[in-house]
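Using the working numbering, the final residue of the sequence shown is 317, and nothing's skipped along the way. Notes follow the structure.
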Amino acid sequence: MNEIKIFCPATVSNVSCGFDVLGFCLEAIGDEMIIRKTTKKGIKITKIEGYDLSFEVNKNVAGVSALALYENANPDFGFEIEIYKKIKPGSGIGSSSASAAGSVYGMNVLLGSPYTPLELTTFAIKGEALASQSEHADNIAPALFGGFTLVKSLYPLEIIQIPTPDDLFAVVLHPQIEIKTANARKILPKEIPLKNAIKQWSNVGSLIHGLHTNDYGLISRSLIDVVAEPVRSQLIPGFESIKEAASKNNALGTGISGSGPSVFSLCKSQQTAINVKKAIKQAYAKHDVPFQIYASKINMDGVKELNKK
Ligand code: HSE
């Protein structure tokens, strides 16, 4: 096998209460990549479509993660990478993670799958760090494992896969403005009051329990963020109107996707997700910000192969 075409999914990280640790994988939006073996050693990015990104391997998220794996594997051939970018950088739905996860996933398959998803995550984190100037895996993990994931620890890396209730659907609104993760991290409080820390870790615990037990009511009561949302929501025009429209239409909860500007809602049933999508679309049309909106199943596979040659 010399070439692989893959789907690299968008992801929602934080999931309200789980800042830097929780994430889930989306089905409805993602990039595509083609990775090919070459006789010449090294990594080369040969094509980028969709967005203006660097062809320099060291300055490209997919390139940096590819290099991390390549240096570890040290094969006697090389790889070239084509990137068909559909997730806008700075969207809050894991654009950089999709690229970082995609390149290492594809190379691993072409090498005969010597690495586990956990090992692939360690390589992909290097690429993600280039974009956000900090190492975190809450988008990479769901992109590589699928479903819901919890980053139990970064050093040493430990990822826990959390069950996904069958009837859970997501709606994601992406206002077409860019928020750089590095900037959205700078405005976060350096310290939080103990009473907020208590609320936050109680919500993380109960969200995980709700996902394990299909308790949609508990999931709904747990989708609360008292740490990042109060400051970051100010960067998102119309954030409260999205929350209100989703809540009035029975969304389980609504929060900032990653570092924003995208906003996600979780819903019980596809029909509720369709209703929530329609209501948010109507509410957001009143703001003068172009946007895209998706209703999506939770992607249980993560990065996947589209065809083989
Ligand atoms: N957990 C990260 C953050 C996700 O919220 O800053 C963005 O990459």
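Think of the CB as a built atom: it goes at the ideal place given N, C-alpha and C, for glycine as much as any other residue.
{"Asked": "Best match in 43, 180, 94, 211 for proximity to residue 321 [C-alpha to C-alpha]", "Found": "Nothing in the structure corresponds to residue 321, since the chain is present only between 9 and 317."}
{"Asked": "Residue environment, residue 314, which counts as buried when at least 16 other CB atoms sit within 10 Å", "Found": "exposed"}
{"Asked": "Cut-off 6 angstroms between Cβ atoms - residues of its own chain near residue 270, not counting five sequence neighbours on either side", "Found": "99, 100, 101, 180, 182"}
{"Asked": "Helix, strand or coil at residue 263 [DSSP, three-state]", "Found": "strand"}
{"Asked": "Run of the beta strand (DSSP E) containing residue 71, from where it starts to where it stops", "Found": "Note, residue 71: premise wrong, no beta strand (DSSP E); alpha helix (DSSP H) at 69-81."}
{"Asked": "The segment 141-157 in contact with the segment 247-264 per 3-pair CB rule at 8 angstroms", "Found": "no"}
{"Asked": "Residue 140 beta carbon less than 8 angstroms from that of residue 111", "Found": "no"}
{"Asked": "Alpha carbon of residue 97 to alpha carbon of residue 249, nearest angstrom", "Found": "24 angstroms"}
{"Asked": "Strand pairing of residue 273, partner residues [DSSP]", "Found": "179, 262"}
{"Asked": "Rounded C-alpha distance that separates residue 220 from residue 213", "Found": "11 angstroms"}
{"Asked": "Residue 85 burial status per 10 Å Cβ neighbour count (16 or more: buried)", "Found": "exposed"}
{"Asked": "Coarse secondary structure for residue 292, derived from DSSP in three states", "Found": "helix"}
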